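Numbering (mature numbering (1 follows the signal peptide of the UniProt record, and there is no 0)), first residue to last: -15 to -1, 1 to 602. Idealized CB from N, CA, C, for every residue including glycine. Fair warning: this is a prediction, and the values are worked out from it, not measured in the lab. See below for the structure under consideration.
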């Protein structure tokens, strides 16, 4: 009986429907109450969806746009004034939160005033406002004065915290409008927002900032954490980029300020911009005047940041034109082979050195350069070429007076290429930008470019030069063979001498390893034999430094040429051309090692080398 009862229970359990667990209890979202017709309508500029009520997101966006308040701060206020707890604000509730937002903004203005009120009178003058707004946002003095008059009509008046809060609100509105203008160009996918990759491209073009820095900056301004930046968030992103630019300019100023005035004069700006980008005074003049906000004829660190930005923008525009010329496959980018063709043609640069500079400029490591990366590459190549000209300055300076004149270059050029004197003189005058009658290394680089282009357009000159170079190489090889025979004979006679003699001779004769090294250096260093005695200065073509299509001396590939940082602009202006015989040692680092934007050690301060003058006593 008991067994039958158990079987009956088992069959009942099988036939019973399966148990369904109870669904978890859910809290219903608050439903908005009908709009009260007795209340005035809500602010249409805040009610983005036009439903007659204000959601948390709408209020957060409005407070962020106008006052820069974070979403979490606004959410606490929202919960406080949402009296009926329906998740929306009517016009009466919005009036309550408006008062809280304004009070919060005034408190923030009062705290911020303490850092910008330079005379510590607890009021803000127009001059103080202009100084901090230029530093933080890059907005010029005239625009600040115009906005100031919208708050108080009198420019001699001073603002209290409440008025300062209104000024900050108007300045923020202006920065958002400027951000929207940039977004029209930077928003490559046209979704109306800035992705992290788009922000990276902007920051790299503006200040040469790397991906790691941009990722941190991006996360800090993405207030709603949606992975994209709207216009107000992007305005905050640009403010951080601006702050980084000012800090970099402070470091750079310590390097390029040759007179220790804590400012940059036009002469100092011209020198550094010419060395880095080849810009002359006609190009720089308007840029300098634009950056000189107080019109005192010199740039402080904040003004220098604006100057650097304009110069970099000009360099990128120039690079876009160069890209069209050298982009042989038409893909809108520059490959390593295309870059090598350019550097070989213009500067006779070794492919190994070109590849090293290419890798530095290739910021995203894609294997190709866009216009911004190409601008950095062109700058790096120019600095390397200036170092080359500096290292070989004595070869151009035939009379050793520490000046390179048109007659010295004309003799070299005519001997090698049979270029008429008037052509050489024309190119000399073109590149002698300060009309001093002699060339510094940076001007020599430009002169070499002009000569190379001229000879390339006249094949007969190039053919003659190549024939002469071939003869020179054969002469070098013949001389090397003679050296080998002489060295071998000397070594053989040494080994048959008595032990005491051999010991004495070995201390003065080169070892086989030394001989091998010497032969290798002769092969890679000289395209033609050059006299090793400093007293004898040959006037024939055998002393001619490499200007045209001869192979660039491989010994000129120096690791310090890859020390130039990946930022791309004037922020790391180590001296590329010390014009005197005295040279400045530079540390050797690997190209991939992390290098600071600016070496601000005292040993690397840039000397006053805009124009080298005559020999010192």
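Nearest-angstrom Cα separation, counted from residue 51 out to residue 304: Rounded to the nearest angstrom, the two C-alpha atoms are 39 angstroms apart.
Residue 501 in three-state terms, based on DSSP: With a pLDDT of 38 at residue 501, under the threshold of 50, the predicted position of this residue should be treated as unreliable, though the coordinate-derived value follows. Reduced to three states, the DSSP call for residue 501 is helix.
Terminal residues of the alpha helix (DSSP H) in which residue 61 lies: Annotation for residue 61: the continuous alpha helix (DSSP H) segment containing it runs 56 to 66.
Residue 76 vs residue 27 beta-carbon contact at 7 angstroms: In contact: residue 76 and residue 27 (Cβ atoms closer than 7 angstroms).
Bounding residues of the alpha helix (DSSP H) (the contiguous stretch that carries residue 623): In this structure the chain extends from -15 to 602, so residue 623 is not present and cannot be described.
DSSP state of residue 180 mapped onto helix, strand, coil: In the structure shown, the three-state DSSP call for residue 180 is coil.
Residue ranges of each alpha helix (DSSP H) within the segment 97 to 124, 4 or longer: DSSP runs (the alpha helix (DSSP H)) wholly in the segment 97 to 124: 111 to 122.
Alpha helix (DSSP H) segment containing residue 48, residue limits: Unbroken alpha helix (DSSP H) run through residue 48: 41 to 52.
Alpha-carbon spacing of residue 249 relative to residue 34, whole angstroms: Residue 249 and residue 34 have their alpha carbons spaced roughly 52 angstroms apart.
The segment 295 to 315 touching the segment 353 to 360, judged by at least three CB pairs closer than 8 angstroms: Output reads yes: the segment 353 to 360 touches the segment 295 to 315.
Close beta carbons around residue 147, own chain, < 6 angstroms, minus the five adjacent residues each side: Excluding residues within five positions, the ones whose Cβ falls inside 6 angstroms are 91.
Counted within 10 angstroms of its Cβ, other Cβ atoms place residue 470 as buried (16 or more) or exposed: Classification for residue 470: exposed.
Inside the segment 417 to 448 only - alpha helix (DSSP H) runs reaching at least 4 residues: DSSP runs (the alpha helix (DSSP H)) wholly in the segment 417 to 448: 426 to 441.
Residue 401 - DSSP class collapsed to helix/strand/coil: Three-state DSSP puts residue 401 in a helix.
Residue 245 beta carbon less than 7 angstroms from that of residue 192: Contact: no.
Pair within 7 angstroms by beta-carbon distance, residue 199 and residue 186: A distance of 7 angstroms or more separates the beta carbons of residue 199 and residue 186.
Distance, residue 166 Cα to residue 44 Cα: In this structure, the straight-line span from the alpha carbon of residue 44 to that of residue 166 is close to 24 angstroms.
Residue 48 and residue 86 closer than 7 angstroms at C-beta: Contact annotation: residue 48 and residue 86 have beta-carbon atoms nearer than 7 angstroms.
Per-residue DSSP class, three states only, for residue 250: DSSP places residue 250 within a strand segment (E or B) once states are collapsed to three.
Boundaries of the alpha helix (DSSP H) in which residue 361 is found, first to last residue: Following the DSSP letters along the chain, one finds residue 361 inside the alpha helix (DSSP H) bounded by residues 356 to 376.
Distance, residue 62 Cα to residue 293 Cα: When only Cα atoms are considered, residue 293 and residue 62 end up about 43 angstroms apart.
For residue 389, the three-state DSSP class (helix, strand or coil): Three-state result, residue 389: coil.
Reduced DSSP category for residue 87 - H, G, I as helix; E, B as strand; rest coil: Helix, per DSSP.
8 angstroms contact criterion, which residue 144 and residue 95 should meet: CB distance rounded: Taking a contact as a CB-CB distance under 8 angstroms, the pair residue 144 and residue 95 does not count as one, their CB atoms being some 11 angstroms apart.
Where the alpha helix (DSSP H) containing residue 226 begins and where it ends: Its alpha helix (DSSP H) spans residues 216 to 241.
Residue 332, enclosing alpha helix (DSSP H) - first and last residue: It spans 321 to 332 - the alpha helix (DSSP H) in which residue 332 sits, taken as one unbroken run.
Per-residue burial, residue 459 [other beta carbons within 10 Å of its own, 16 or more giving buried]: That one is exposed.
Nearest candidate by alpha-carbon position, reference residue 257, set 213, 281, 164 and 289: The candidate whose alpha carbon is nearest that of residue 257 is 289.
Assigned secondary structure, residue 29 (DSSP; H/G/I helix, E/B strand, else coil): For residue 29, the secondary structure class from DSSP, reduced to helix, strand or coil, is coil.
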